[in-house]
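In our numbering, the protein residues as written are -7 to 121. For each residue, glycine too, the CB sits at the ideal point set by N, CA and C. Please read all numbers here as calculations on a predicted model, not as lab measurements. Below is one structure, written out as structure tokens; the observations come after it.
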């Protein structure tokens, strides 16, 4: 129940039905602590061995959706699309720069959305939206 509340707080666009679809009440949710590639400890929440959300630290209770969750709910986070070659650079720690973002039309002031600083976003590739 607490996890459902935390998901609702982190992702207010999800309806109660969508949260129940992701985290059914009668299913066992497993939580585990893991260490990331850069030695950061995080908590991972899984349903039937499928990772759904992770939490990077206890100070920030935001639950980040995993790729598996974003495949089910692609509009859960604001998403930037980039070229496949850019992904390896991002995985190595580089930041996503505007020239690497693929737009649907010509660039305008509204092309990139209105996001506050440090807003979590997702990044996908043009062939894996």
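Apart from the five residues just before and just after residue i, which ones in its own chain have a Cβ nearer than 7 Å to its Cβ?
{"i": "residue -5", "result": "15, 21, 37"}
{"i": "residue 39", "result": "15, 19, 21"}
{"i": "residue 3", "result": "68"}
{"i": "residue 26", "result": "34, 36"}
Note down, in chain order, each residue of its chain lying with its Cβ closer than 6 Å to the Cβ of residue i, except the 5 sequence neighbours on either side.
{"i": "residue 48", "result": "34"}
{"i": "residue 78", "result": "92"}
{"i": "residue 1", "result": "none"}
{"i": "residue 129", "result": "The first residue shown for the chain is -7 and the last is 121, placing residue 129 beyond what the model contains."}
{"i": "residue 114", "result": "62, 69, 71"}
{"i": "residue 81", "result": "none"}
{"i": "residue 5", "result": "none"}
{"i": "residue 73", "result": "94, 116, 118"}
Of all the options the options, which has the alpha carbon lying nearest to the alpha carbon of residue i?
{"i": "residue 164", "options": "100, 60, 11", "result": "Any property of residue 164 remains undetermined from this structure, which presents the chain solely from -7 to 121."}
{"i": "residue 11", "options": "18, -1, 86", "result": "-1"}
{"i": "residue 17", "options": "-3, 89, 64, 88", "result": "-3"}
{"i": "residue 83", "options": "64, 30, 101, 41", "result": "30"}
{"i": "residue 87", "options": "41, 110, 24", "result": "110"}
Looking at the structure shown, is residue i part of a helix, part of a strand, or coil, going by DSSP?
{"i": "residue 59", "result": "helix"}
{"i": "residue 100", "result": "coil"}
{"i": "residue -1", "result": "helix"}
{"i": "residue 43", "result": "strand"}
Between residue i and residue j, is the Cβ-Cβ spacing less than 8 Å?
{"i": "residue 55", "j": "residue 45", "result": "yes"}
{"i": "residue 8", "j": "residue 75", "result": "no"}
{"i": "residue 43", "j": "residue 58", "result": "yes"}
Once the 5 residues before and after residue i are set aside, which same chain residues still bring their CB inside 8 Å of it?
{"i": "residue 112", "result": "54, 56, 69"}
{"i": "residue 107", "result": "70, 113"}
- Query: Fully enclosed by the stretch 5 to 31, which alpha helix (DSSP H) runs are 4 residues long or longer?
  - Reply: 8 to 14
* To do: Please specify which runs of the alpha helix (DSSP H), each continuous and at least 4 residues long, are wholly inside the stretch 58 to 94, giving them in chain order.
  => Whole alpha helix (DSSP H) segments, 4+ residues: 59 to 64, 76 to 83.
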